[in-house]
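First residue of the sequence shown? That's 884 in the working numbering, and the numbers climb one at a time after it.
Think of the CB as a built atom: it goes at the ideal place given N, C-alpha and C, for glycine as much as any other residue.
Presented below is the structure to which this report refers.
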Amino acid sequence: MSDIVIREISEFFQELNFMKVNINGKVVFEHKNGFYMLTKGGTHSYFLEYARTFQEAHNNCYEDVEAYSIKATSEDEIIRIIKCDIEKCILDD
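Written out as structure tokens, the structure is:
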């Protein structure tokens with residue numbers, strides 16, 4: 884079963900024309916030679932992750948851009964927050 888938050892953010896990356904790339908069996912999104920993905924940790928946490936180069940992505944060396952918890956908020960609200968962070972932290976750099 885697909886996670887709705889990850890699915891929505893993956894669609895958002897594509898709407899922003901990030902290139903969808905498969906690296907080591909993981910779908911990641913390339914933008915300005917950086918590689919991004921949203922991962923889930925446990926049942927209540929998400930992480931927006933970034934690798935500076937293809938080699939770092941290939942070696943699974945991602946840095947957390949931001950961490951999110953849905954314990955105190957809805958899935959819709961966390962999706963909105965992550966989209967805003969992508970626009971602010973990635974597109975506005």
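Range of the contiguous beta strand (DSSP E) that encloses residue i
i: Glu913; result: 909 to 914
Pair within 8 Å by beta-carbon distance, residue i and residue j
i: Ala940; j: Val911; result: yes
i: Ala955; j: Phe930; result: no
i: Ser952; j: Ser928; result: yes
i: Phe895; j: Tyr919; result: no
Counterpart residues of residue i in DSSP-defined beta bridges
i: Leu931; result: Leu921, Glu949
Enclosing alpha helix (DSSP H) for residue i [first to last residue]
i: Ile965; result: 958 to 968
i: Ile906; result: It is not in any alpha helix (DSSP H) - Ile906 instead sits in the beta strand (DSSP E) that spans 902 to 906.
heavy atom of the ligand FAD below 7 Å from residue i C-beta
i: Thr956; result: Ligands in the displayed structure: none, and consequently the ligand FAD is not present.
Chain-order list of residues whose beta-carbon lies under 8 Å from that of residue i (same chain, five-residue window excluded)
i: Met884; result: Here Met884 scores only 38 on pLDDT, less than 50, and its place in the model should not be relied on; the value that follows carries that caveat. Around Met884: no qualifying Cβ.
i: Val888; result: Leu921, Lys923, Tyr929, Ile953, Glu958, Ile961, Ile962, Ile965
Other residues of its chain near residue i: CB distance less than 7 Å, five sequence neighbours each side excluded
i: Cys944; result: Ala934
Close Cβ partners of residue i (< 6 Å) along its chain, the five nearest in sequence each way excluded
i: Thr936; result: none
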